[in-house]
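Worksheet: one structure, shown below.
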Amino acid sequence: MLNRLANKWILITGASSGFGAAAAQAFGAEKCRLLLGARRVDRLEEVAAQAREAGAPAAHVRALDVTKTSSVDEFATWVRAHTDKIDVLINNAGGALGLDTVAQGKDEDWETMMQSNVLGVLRMTRAALPLMVTNPGSYILNIGSIAGHVAYEGGAAYCAAKAGELQITRALRLELSGTGVRVGTIDPGMAATEFSVVRFKGDDTRAKKVYEGVEPLTAEDIAETLVWVASRPPHVCIDELLIKCTDQAAIHKLHRRKTA
Ligand code: NDP
Ligand code: 8X3
1 MLNRLANKWI
11 LITGASSGFG
21 AAAAQAFGAE
31 KCRLLLGARR
41 VDRLEEVAAQ
51 AREAGAPAAH
61 VRALDVTKTS
71 SVDEFATWVR
81 AHTDKIDVLI
91 NNAGGALGLD
101 TVAQGKDEDW
111 ETMMQSNVLG
121 VLRMTRAALP
131 LMVTNPGSYI
141 LNIGSIAGHV
151 AYEGGAAYCA
161 AKAGELQITR
171 ALRLELSGTG
181 VRVGTIDPGM
191 AATEFSVVRF
201 KGDDTRAKKV
211 YEGVEPLTAE
221 DIAETLVWVA
231 SRPPHVCIDE
241 LLIKCTDQAA
251 IHKLHRRKTA
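By the count of the working numbering, the sequence shown reaches residue 260 at its end, each step adding exactly one.
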């Protein structure tokens, strides 16, 4: 079968774990060249080595903190030293902090969520666009969430952040009309990654309870979806894709099996 992705340059933010790390493997297996960023460079090095083993002809890593404009701009300068074009930008870095009600919420958690999930997407996209608008058929893929569509208690700031990501995606799609640059959002429901451990600040027991008795999505499910979306021909743009595990009929309607 025709491999439309071979040798394409794929930039993934938040590639040190979860969806980003799995996407690096999946695009590597499609013979893509990878530019990987996150704050934990040791983890990125491991991901890059595995991606090369999977088939990536190149996998470069660099520290990236999407909450800081200087870090994003330095990252973009480093990208330009490797390539003058980006084929796929995956704005994946982000996550939730805490599950507090608004009454109990903490400024630092709210600010971090807005910085990474919202401003991080804006910053990284602004920095990458010069390498994309000259490359019709390139694709900006933002990782949103079911939380951007449906609110839940304790999720006010995270839901607001992902709703923000959805509207950024929609605005960009309009702004880039006519350039040939595609823009889309992949919005997963519950997926077993480090997401809940980060949300609950290292409390593994609480994190595990989120997935108790449920078969959640895996990072590989999302990576496979990203590869499928990115490999559509240039005239096809997957705009918005909501993807949930079968056990999650709705955000509050989870089918949980009894566990021993
Ligand atoms: P993980 O916690 O496993 O991965 C999050 C990734 O984001 C890590 O690589 C982390 O790297 C990176 N990251 C976080 N903050 C920053 C930052 N400031 N700068 C650069 N990188 C950063 O969780 P997921 O893989 O699940 O999360 C990926 C995305 O998917 C997030 O945007 C999340 O909101 C979203 N999502 C997750 C769902 C789930 O249920 N798992 C469902 C729907 C959406 P490092 O710490 O090394 O910087
Ligand atoms: C992560 C999924 O439902 O925990 O975005 O918000 S949820």
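Idealized CB from N, CA, C, for every residue including glycine.
Span of the beta strand (DSSP E) around residue 13: 9–13 is the span of the beta strand (DSSP E), which, as asked, contains residue 13.
Own chain residues within Cβ distance below 8 angstroms of residue 243, not counting five before or after: Excluding positions up to five away in sequence, the list reads 186, 187, 188, 189, 217, 221, 222 and 225.
Residue 107 classed as buried or exposed, judged by whether at least 16 other C-beta atoms fall within 10 angstroms: Exposed is the call here.
Residue 150 CB to nearest heavy atom of ligand 1 below 8 angstroms: Shortest gap from the CB of residue 150 to any heavy atom of ligand 1: 8 angstroms or more.
beta-carbon residue 251 near ligand 2 non-hydrogen atom, thresh 8 angstroms: Distance from the C-beta of residue 251 to the nearest heavy atom of ligand 2 is below 8 angstroms.
Three-state class that DSSP yields for residue 211 in the structure shown: Three-state DSSP puts residue 211 in coil, outside helix and strand.
DSSP bridge partner residues for residue 238 (one or two, in chain order): Partner(s): none; residue 238 has no beta bridge.
Cβ shell of residue 11 (< 6 angstroms), same chain only, five flanking positions each side left out: Correct list, in chain order: 35, 86 and 89.
Expected contact under 8 angstroms - CB spacing of residue 219 and residue 28 to nearest Å: Between residue 219 and residue 28, the beta carbon gap of about 14 angstroms keeps them out of contact (Cβ cut-off 8 angstroms).
Limits of the alpha helix (DSSP H) - the one that residue 21 falls within: In the DSSP assignment, residue 21 falls within the alpha helix (DSSP H) that extends over 18–29.
Unbroken stretches of the alpha helix (DSSP H), 4 residues or longer, contained in the region 125–183: Fully enclosed alpha helix (DSSP H) runs of 4 or longer: 156–175.
Residue 168 Cβ short of 8 angstroms to ligand 1 heavy atom set: Incorrect: residue 168 has no Cβ contact closer than 8 angstroms to ligand 1.
DSSP-derived helix/strand/coil call for residue 91: In the three-state reduction of the DSSP assignment, residue 91 falls in the strand class, which pools E and B.
Three-way DSSP call (helix, strand, coil) for residue 222 in this model: Looking at residue 222 - three-state DSSP - the assignment turns out to be helix.
Backbone CA spacing between residue 50 and residue 118 [nearest angstrom]: C-alpha of residue 50 to C-alpha of residue 118: approximately 29 angstroms in a straight line.
Test item, CB below 5 angstroms from any non-hydrogen atom of ligand 2: Here the residues come out as 145 and 147.
Rounded separation between residue 163 and residue 33 - CA only: Rounded to the nearest whole angstrom, the CA to CA distance from residue 163 to residue 33 is 31 angstroms.
Cβ distance (whole Å) where residue 203 is taken to contact residue 154 below 8 angstroms: So it is not a contact: roughly 14 angstroms between Cβ atoms.
Between the CA atoms of residue 25 and residue 139 - distance to the nearest angstrom: Taking the straight line joining both Cα atoms gives about 19 angstroms.
Coarse secondary structure for residue 34, derived from DSSP in three states: Reduced to three states, the DSSP call for residue 34 is strand.
Neighbour-count burial assignment, residue 66, 16 or more Cβ in a 10 Å radius: So residue 66 counts as buried.
7 angstroms CB neighbourhood of residue 161 in its chain, flanking five on each side removed: Here the set comprises 113, 114, 117 and 118.
Cut-off 7 angstroms between Cβ atoms - residues of its own chain near residue 121, not counting five sequence neighbours on either side: Result list for residue 121: 91, 142, 165 and 168, in chain order.
Beta-carbon gap between residue 213 and residue 259 smaller than 9 angstroms: Their beta carbons are under 9 angstroms apart, which means residue 213 touches residue 259 by this criterion.
Distance between beta carbons of residue 195 and residue 95, contact taken as under 8 angstroms: Indeed, because the Cβ distance is near 6 angstroms, the residues count as touching under 8 angstroms.
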